[in-house]
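J.: Order-wise, the sequence lines are chains A and B. Each step along the first sequence adds one to the number in the numbering used here, with nothing skipped, and position 114 is 114. Each step along the second sequence adds one to the number in the numbering used here, with nothing skipped, and position 71 is 1071.
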Amino acid sequence: ETGVTQSPTHLIKTRGQQVTLRCSSQSGHNTVSWYQQALGQGPQFIFQYYREEENGRGNFPPRFSGLQFPNYSSELNVNALELDDSALYLCASSPLNTHGAYEQYFGPGTRLTVT
Amino acid sequence: AQSVTQLDSQVPVFGEAPVELRCNYSSSVSVYLFWYVQYPNQGLQLLLKYLSGSTLVESINGFEAEFNKSQTSFHLRKPSVHISDTAEYFCAVSNRDDKIIFGKGTRLHILP
């Protein structure tokens, strides 16, 4: 069974640019959540996707957007990057019929650096 | 609104000594509680969870946590730590909606 995978592992972008991060959910999981973990902080919920639709959003501006595809993989897009967007971005997937938060499995993350 | 407070940002402890990582939460509704562990340069791994039933929950590697509703706490304990337990530990809460609320983490240092 393959776990949650994320790509790329590391990424360096310039302020004002746009970035797309990718996540493949664990086999059998239909819900994907994205979190931002700044250095020295706990993860902060960005949003969740269930059956290709947004299913809840945290306190992040609209320049953070996402997609979920029919195979349940997902993308996180961030426009107009700011220095404070530098963080580890974590994707988590949840199994079928339990799209509540209590069964989330995390990927290794993508470390984004904005210069 | 829910929140999680981890009272210690760092906990140094000698190898084979006991350890307790403290966690308090606030919520106006029934909650689910979690401890996640993050090893250096890795993602989060679920260590243990409380959903319902017995208030004492255990992990496969010797950690345990007790849900205390009156004190709104979910402290993590291990009777004897090992160097391999060096990691960041996150307490988290959810009310079975769309998100998990994490604490700021406690870094466990195992001293030689």
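Glycine is no exception: its CB is placed at the ideal position from the N, C-alpha and C atoms.
Does any residue of chain A have a CB that is nearer than 9 Å to the CB of ALA1092/B?
T.: If you number the second sequence from 1, residue 1092/B lands on position 92. By this cut-off, ALA1092/B is an interface position.
J.: With burial defined as no fewer than 16 other Cβ atoms inside 10 Å of the residue's Cβ, what is the status of SER1009/B: buried or exposed?
T.: Taking the second sequence and counting its residues from 1, the one referred to as residue 1009/B is at position 9. By the neighbour-count rule (16 or more Cβ atoms within 10 Å), SER1009/B is not buried but exposed.
J.: Between which residues of its own chain and THR1072/B is the CB-CB distance below 7 Å, once the five residues before and five after are set aside?
T.: Residue numbering aside, residue 1072/B sits at position 72 when the second sequence is read from its first letter. Short of 7 Å from the beta carbon of THR1072/B, and not among the five residues preceding or following it, lie these beta carbons of its own chain, in chain order: ASN1024, TYR1025, SER1026.
J.: Considering only the beta carbon of each residue, do SER1118/B and VAL1037/B sit closer than 9 Å?
T.: No statement about residue 1118/B is possible, as the shown extent of chain B runs from 1001 to 1112 and does not include it.
J.: Under a Cβ-count criterion, where at least 16 other Cβ atoms within 10 Å of its own Cβ denotes burial, should ILE1110/B be classed as buried or exposed?
T.: Here residue 1110/B is taken as the residue at index 110 of the second sequence, counted from 1. Burial is judged here by how many other beta carbons sit within 10 angstroms of a residue's own beta carbon; ILE1110/B has at least 16 and is buried.
J.: Below 7 Å on C-beta distance, what does GLY109/A contact in chain B?
T.: As a position in the first sequence, residue 109/A is number 109, starting the count at 1. Within 7 Å Cβ-Cβ: GLY1043.
J.: Within the same chain, show all residues whose beta-carbon is closer than 6 Å to that of VAL1019/B, passing over the 5 residues directly before and after it, in chain order.
T.: Counting from one through the second sequence, the residue named residue 1019/B turns up at place 19. If you ignore the 5 residues before and after VAL1019/B, its C-beta comes within less than 6 Å of the C-beta of VAL1013, LYS1078, VAL1081, all in its own chain and listed in chain order.
J.: Would PHE60/A count as contacting chain B if we go by Cβ distances under 9 Å?
T.: Locating residue 60/A in the first sequence gives position 60, counting from the first residue. No, because no Cβ of chain B sits closer than 9 Å to the Cβ of PHE60/A.
J.: Which residues in chain A sit within 9 Å of ILE1100/B, going by Cβ to Cβ distance?
T.: Position 100 of the second sequence, counted from the start, is the residue given in the question as residue 1100/B. Near ILE1100/B (Cβ distances below 9 Å), the residues of chain A are SER33, TYR35, PRO43, PHE45, ALA92, ALA101, TYR102, GLN104.
J.: Could you pull the start and end residues of the beta strand (DSSP E) that THR110/A belongs to?
T.: Locating residue 110/A in the first sequence gives position 110, counting from the first residue. Where THR110/A is concerned, the enclosing beta strand (DSSP E) stretches over 110–114.
J.: Output, in chain order, the set of chain A residues within a Cβ distance shorter than 9 Å of LYS1069/B.
T.: Sequence index remark: in the second sequence, residue 1069/B carries index 69 (1-based). Here the premise fails: no neighbours, minimum Cβ distance about 17 Å.
J.: Relative to the C-alpha of LYS1049/B, which residue among TYR1039/B, GLU1066/B, GLU1016/B is closest?
T.: Sequence index remark: in the second sequence, residue 1049/B carries index 49 (1-based). Residue GLU1066/B is the option with its Cα nearest to LYS1049/B.
J.: Which of the three DSSP states, helix, strand or coil, is assigned to GLU52/A?
T.: Here residue 52/A is taken as the residue at index 52 of the first sequence, counted from 1. In this structure, GLU52/A counts as coil in the three-state DSSP scheme.
J.: With burial defined as no fewer than 16 other Cβ atoms inside 10 Å of the residue's Cβ, what is the status of PRO62/A: buried or exposed?
T.: In the first sequence, residue 62/A corresponds to position 62, counting from 1. Result: exposed.
J.: Roughly how many whole angstroms lie between the Cα atoms of THR14/A and TRP34/A?
T.: Reading the first sequence from its first residue, position 14 is the one you call residue 14/A. Reading the first sequence from its first residue, position 34 is the one you call residue 34/A. Their Cα atoms are separated by approximately 22 Å.
J.: Nearest chain A C-beta to VAL1004/B closer than 9 Å, yes or no?
T.: Translated into the one-based positions of the second sequence, residue 1004/B becomes position 4. Chain A, which has a Cβ nearer than 9 Å to the Cβ of VAL1004/B, makes this yes.
J.: Looking only at its own chain, which residues have a Cβ that is under 7 Å from the Cβ of SER1059/B, when we skip the five neighbours before and after it?
T.: Counting from 1 along the second sequence, the entry for residue 1059/B is found at position 59. Around SER1059/B: LEU1047, LEU1048.
J.: Let me know if HIS10/A comes out buried or exposed under the rule of 16 or more other beta-carbons within 10 Å of its beta-carbon.
T.: Within the first sequence, the letter at position 10 stands for residue 10/A. Its Cβ having fewer than 16 others within 10 Å, HIS10/A is exposed.
J.: Does the beta-carbon distance from GLN68/A to VAL19/A come in below 9 Å?
T.: If you number the first sequence from 1, residue 68/A lands on position 68. If you number the first sequence from 1, residue 19/A lands on position 19. Contact flag unset, no.
J.: Give the range of the beta strand (DSSP E) segment to which ARG1022/B is assigned.
T.: Translated into the one-based positions of the second sequence, residue 1022/B becomes position 22. Careful: ARG1022/B lies outside any beta strand (DSSP E) and carries neither H nor E.
J.: Spell out whether any CB of chain A is found under 9 Å from the CB atom of GLY1105/B.
T.: Within the second sequence, residue 1105/B is the residue found at index 105, counting from 1. Closer than 9 Å to some Cβ of chain A, the Cβ of GLY1105/B qualifies, so yes.
J.: From this set, LEU39/A, LEU83/A, PRO70/A, which residue's C-alpha is nearest SER25/A's C-alpha?
T.: Here residue 25/A refers to the residue found at position 25 when the first sequence is read from its first residue. Out of LEU39/A, LEU83/A, PRO70/A, PRO70/A has the C-alpha closest to the C-alpha of SER25/A.
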